[in-house]
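Engineer: Right, I'll just put the structure down here and ask away after.
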Amino acid sequence: MASKNKTGNYLGAAILVAMTAGIAAGAVQGKDARMWAPLGEIFMQLIKMLVVPLVAVSIVSGAASIGNTRSAGKIGIATFGYYFLTTIIASVIALALGVLFQPGIGLDIAQIQSMFSTEYAGRGQQPGLWEIIRGVIPENPVRALLDGNILQIIFFSVLFGFGLSALGREKAAPVIDFFNTINHALIWIIEKVMYTAPLGVFGLMADAVGAFGYDVLALIMKLLSVYVLALFIQTFGVYTFFVRFFSRVSPVHFFKKLSRAQIVALSTSSSMATLPVTMQV
13 MASKNKTGNY LGAAILVAMT AGIAAGAVQG KDARMWAPLG EIFMQLIKML
63 VVPLVAVSIV SGAASIGNTR SAGKIGIATF GYYFLTTIIA SVIALALGVL
113 FQPGIGLDIA QIQSMFSTEY AGRGQQPGLW EIIRGVIPEN PVRALLDGNI
163 LQIIFFSVLF GFGLSALGRE KAAPVIDFFN TINHALIWII EKVMYTAPLG
213 VFGLMADAVG AFGYDVLALI MKLLSVYVLA LFIQTFGVYT FFVRFFSRVS
263 PVHFFKKLSR AQIVALSTSS SMATLPVTMQ V
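Residue numbering for the sequence shown follows this note's numbering, beginning at 13 and increasing consecutively.
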């Protein structure tokens, strides 16, 4: 265990070094830093390849191990309440900082939109509440797996896991053991893939800085600073309170375990990329 933690610490440090080197390469090479983009693209493809099956089998295993529907109901209510409350708090923090610092003043909105117009052009209008609810329920679980629809995969996996739990340990044991075995195999693969994370992070950062340049990035620096401040308050203020008084876990221990996931999130700008790291912890 000590060896594994030591390896994780080295990997976190290597990712930070790679991120710094990527920024430097992008600043020096400019548009030519695009040559490093395949490193990041390959890393993200490896992560995406593993995330969908990992989420499915781990949730099935976890839900099946709960034991009874009453416990599942309590956990579900507590989870929903936690996410609802922390989301409300995060919204209040964001609105308060926005009013206080007004980070959008002085920004050329047209220029900022042009940076992301290609990525978001095809997304259309935001769906309503009922569209969101319907979108969580898969018409075909296999199609959800093929499309990589994480919310639908989670919904079906939770129900499937609860169904296995309701059958009783004797009947469900072979299926649960099957999913547990797949879960362990996927975690082993992810541990190996994460050794390539520094190369992937270097490629992603070099490409991003080279494409946008410091002049454009400077335009959103104030906005980014306020955003980071909001994250800091939410993470080290709100989450520290919940971790300390509800889970009875040391905040220092919690954030030490969380550090690798935070580094990956910062360097890849992808919550999906953090899932394997988070589930390892």
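For each residue, glycine too, the CB sits at the ideal point set by N, CA and C. These numbers come from a predicted model, not from an experiment.
Can you name, in chain order, every residue of its own chain whose Cβ lies under 7 angstroms from the Cβ of Ile245, other than the five neighbours on each side?
Structural biologist: Counted from its first residue, the sequence shown places residue 245 at position 233. Correct list, in chain order: Ile105.
Engineer: Please report the straight-line C-alpha distance between Ala108 and Tyr94, rounded to a whole angstrom.
Structural biologist: The residue you call residue 108 lines up with position 96 of the sequence shown. The residue you call residue 94 lines up with position 82 of the sequence shown. Cα to Cα, the separation comes out at about 21 angstroms.
Engineer: So, under 8 angstroms CB-CB, Ala219 and Ala33 are touching, yes? Tell me the CB distance rounded to an integer number of Å.
Structural biologist: One-based indexing of the sequence shown puts residue 219 at position 207. One-based indexing of the sequence shown puts residue 33 at position 21. Checking the displayed sequence, the identity of residue 219 turns out to be Asp instead of Ala. At roughly 13 angstroms, the Cβ-Cβ gap does not stay under 8 angstroms, so Asp219 and Ala33 are not in contact.
Engineer: Going straight from the alpha carbon of Ile194 to that of Ala102, what length do you get?
Structural biologist: In the sequence shown, the residue the question calls residue 194 occupies position 182. In the sequence shown, the residue the question calls residue 102 occupies position 90. Spanning the two alpha carbons is a distance of roughly 36 angstroms.
Engineer: Measuring alpha carbon to alpha carbon, tell me which residue in Gly38, Tyr207 and Lys60 is nearest Leu158.
Structural biologist: Translated into positions along the sequence shown, residue 158 becomes position 146. The shortest C-alpha separation from Leu158 is found at Lys60.
Engineer: What does a CB cutoff of less than 8 angstroms around Val29 pick up in its chain, not counting 5 residues either side in sequence?
Structural biologist: For the purposes of this step, residue 29 is taken as the residue at position 17 of the sequence shown. Pro210, listed in sequence order.
Engineer: If you check the beta carbons only, do Leu51 and Ile202 fall under 8 angstroms apart?
Structural biologist: For the purposes of this step, residue 51 is taken as the residue at position 39 of the sequence shown. For the purposes of this step, residue 202 is taken as the residue at position 190 of the sequence shown. No, they are not a contact pair.
Engineer: Run through the region 175-213 for me and flag every whole alpha helix (DSSP H) of 4 or more residues, listed as ranges in chain order.
Structural biologist: You should have 181-205.
Engineer: Given a threshold of 16 other Cβ atoms within 10 Å of its Cβ, counted over all protein chains shown, does Val154 qualify as buried or as exposed?
Structural biologist: Stepping through the sequence shown from its first residue, residue 154 is reached at position 142. Val154 should be labelled exposed.
Engineer: Going by C-alpha distance, which of Arg260, Leu235, Ala37 and Thr252 is nearest Gly116?
Structural biologist: In the sequence shown, counting from the first residue as 1, residue 116 sits at position 104. It is Leu235.
Engineer: Given that a residue counts as buried once 16 or more other Cβ atoms are within 10 Å of its Cβ, and exposed if not, what is Thr286?
Structural biologist: Position 274 of the sequence shown, counted from the start, is the residue given in the question as residue 286. It counts as buried.
Engineer: If Val213 and Ile27 are in contact, beta carbons under 8 angstroms, what's the gap, nearest whole angstrom?
Structural biologist: Stepping through the sequence shown from its first residue, residue 213 is reached at position 201. Stepping through the sequence shown from its first residue, residue 27 is reached at position 15. At roughly 5 angstroms, the Cβ-Cβ gap stays under 8 angstroms, so Val213 and Ile27 are in contact.
Engineer: Where does the unbroken alpha helix (DSSP H) through Tyr239 begin, and where does it stop?
Structural biologist: Position 227 of the sequence shown, counted from the start, is the residue given in the question as residue 239. Segment Met233 to Ile245, the alpha helix (DSSP H) holding Tyr239.
Engineer: Tell me the residue span of the alpha helix (DSSP H) that contains Gly42.
Structural biologist: As a working note, residue 42 is residue 30 in the sequence shown. No alpha helix (DSSP H) holds Gly42; DSSP gives it neither H nor E.
Engineer: State the DSSP-derived secondary structure class of Gln57, mapped to helix, strand or coil.
Structural biologist: By 1-based counting over the sequence shown, the position of residue 57 is 45. Three-state DSSP puts Gln57 in a helix.
Engineer: Measure the alpha-carbon distance for Gly140 versus Gly147 and round it to whole angstroms.
Structural biologist: Taking the first residue of the sequence shown as 1, we reach residue 140 at position 128. Taking the first residue of the sequence shown as 1, we reach residue 147 at position 135. About 10 angstroms.
Engineer: Quick check: Arg272 and Gly42, are their CB atoms within less than 8 angstroms of each other?
Structural biologist: Within the sequence shown, the letter at position 260 stands for residue 272. Within the sequence shown, the letter at position 30 stands for residue 42. No, the pair does not count as a contact, with Cβ atoms beyond the cut-off.
Engineer: What residue range is occupied by the uninterrupted alpha helix (DSSP H) comprising Phe253?
Structural biologist: Here the question's residue 253 lines up with position 241 in the sequence shown. Per DSSP, Phe253 belongs to the alpha helix (DSSP H) from Thr252 to Phe257.
Engineer: What is the C-beta distance between Gly180 and Val72, in whole angstroms, given that I count them as a contact (C-beta under 8 angstroms)?
Structural biologist: Locating residue 180 in the sequence shown gives position 168, counting from the first residue. Locating residue 72 in the sequence shown gives position 60, counting from the first residue. Actually they do not touch by this definition, with Cβ atoms about 16 angstroms apart.
Engineer: Between the Cα of Ala223 and those of Ala45, Ala36 and Met31, spot the shortest distance and give me the residue it belongs to.
Structural biologist: Along the sequence shown, read from residue 1 onward, the residue named residue 223 stands at position 211. Out of Ala45, Ala36 and Met31, Ala45 has the C-alpha closest to the C-alpha of Ala223.
Engineer: Whole-angstrom Cβ separation of Ala76 and Ser177, contact assumed at under 8 angstroms?
Structural biologist: Translated into positions along the sequence shown, residue 76 becomes position 64. Translated into positions along the sequence shown, residue 177 becomes position 165. Right, their Cβ atoms sit about 5 angstroms apart.
Engineer: I'd like to know whether the C-beta of Val104 is nearer than 8 angstroms to at least one C-beta of chain D.
Structural biologist: You won't find chain D in this structure, because it holds only one protein chain.
Engineer: So, helix, strand or coil for Gln164, using DSSP?
Structural biologist: What you label residue 164 is simply residue 152 of the sequence shown in a count that begins at 1. Here Gln164 sits in helix by DSSP.
Engineer: Keeping to the same chain, check which residues put their C-beta closer than 8 angstroms to that of Leu62; ignore five residues upstream and five downstream.
Structural biologist: Stepping through the sequence shown from its first residue, residue 62 is reached at position 50. The answer, listed in chain order, is Leu198, Ile201, Ile202, Val205 and Pro288.
Engineer: Let me confirm a value: Ser294 is counted as buried when at least 16 other C-beta atoms fall within 10 Å, else exposed. Which label applies?
Structural biologist: For residue 294 there is no data in the structure shown, the boundaries of the chain being 13 and 293.
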